[in-house]
Amino acid sequence: MENEILQNLKWDPQQGRLTFKDVRYLLIRPETLIDFQKAVEAELGVRTGELVYAGGYTGGSLSSRRYKEVFGYSDEEIVDFMCRMGGQIGWGRFEVEELDSEAGRLVVRVYGSPFAEAYGASDQGVCHFIRGVLGGLGAGIFGAEVTAEEPQCVALGDPWCQFVVERVRTHPP
């Protein structure tokens, strides 16, 4: 199996820059991000999850919009590509359980989340970056505000992490 992300990364030694399809990426140990997350949790508590989510959301929404607008990918192609990419950049093995664009629902299972592994045991889901990326992805393909939850997490003792992204329903007054 080939890793198209690694094969197409470009390194600019003058700038110290890695890019994939003209988008900058960086390599960082999961423990670095998790220790940052834990330090913020010590100060802010549970609100930290939403702050980390916001960072992931930005990446997911920018990527999904780019793949739709620049490359003309369908919703299914965007989800497939981003889930394959997640695995190819070391974020675990992503498996789409459900994608219903009409209903605005995406469910993804992730095996081997580096965030859950680095975090250790917890009484709540800890993969806020992945949840954020998938939330941004959902907002991009559904064209609407979404909720994103992590009902299962390895840090909770589950065998995998599961993410449920749903379009927010607006009701007329």
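For the sequence shown, the working numbering assigns the number 85 to the initial residue and increments by one for each residue that follows. The beta-carbon is built from N, C-alpha and C at its ideal position, and this holds for glycine as well. These figures come from a predicted structure and were not determined experimentally.
Asked                                                                                                                             : Found
Runs of beta strand (DSSP E) lying entirely within the stretch 195–251, each at least 3 residues, in chain order                  : 230–236, 245–251
Inside the stretch 126–179 only - beta strand (DSSP E) runs reaching at least 3 residues                                          : none
Range covered by the beta strand (DSSP E) that runs through Leu102                                                                : 101–104
Contacts around Ala228, its chain only, beta-carbon distance under 7 Å, and the 5 residues preceding and following it disregarded : Gly188, Arg251, Val252
Backbone secondary structure at Glu186 - three-state DSSP                                                                         : coil
Where Asp119 falls, given that 16 or more other Cβ within 10 Å makes a residue buried                                             : exposed
Closest by C-alpha distance to Asp207, when choosing among Arg150, Cys237, Gly144                                                 : Cys237
Spatial distance of Tyr195 from Gly224 (CA atoms)                                                                                 : 24 Å
Heavy atom of the ligand SAM within 6 Å of Leu117 beta-carbon                                                                     : What this structure holds is no ligand at all, so the ligand SAM is not there to describe.
Which listed residue (Arg108, Val107, Leu135, Asp159) has its alpha carbon closest to that of Leu117                              : Leu135
Contact check, Trp244 vs Arg193, beta carbons under 7 Å                                                                           : yes
For Glu86, three-class secondary structure by DSSP                                                                                : coil
For Glu186, the nearest candidate out of Thr103, Phe226, Gln121, Phe178 (CA to CA)                                                : Phe226
Three-state secondary structure assigned by DSSP to Leu93                                                                         : strand
Contact check, Phe213 vs Gly140, beta carbons under 7 Å                                                                           : yes
Cβ-Cβ separation, Gly204 to Ala239 (assumed contact under 8 Å), whole Å                                                           : 7 Å
Cut-off 8 Å between Cβ atoms - residues of its own chain near Val230, not counting five sequence neighbours on either side        : Gly188, Gly219, Gly222, Ala223, Val249, Glu250, Arg251, Val252
Beta strand (DSSP E) segment containing Arg108, residue limits                                                                    : 107–109
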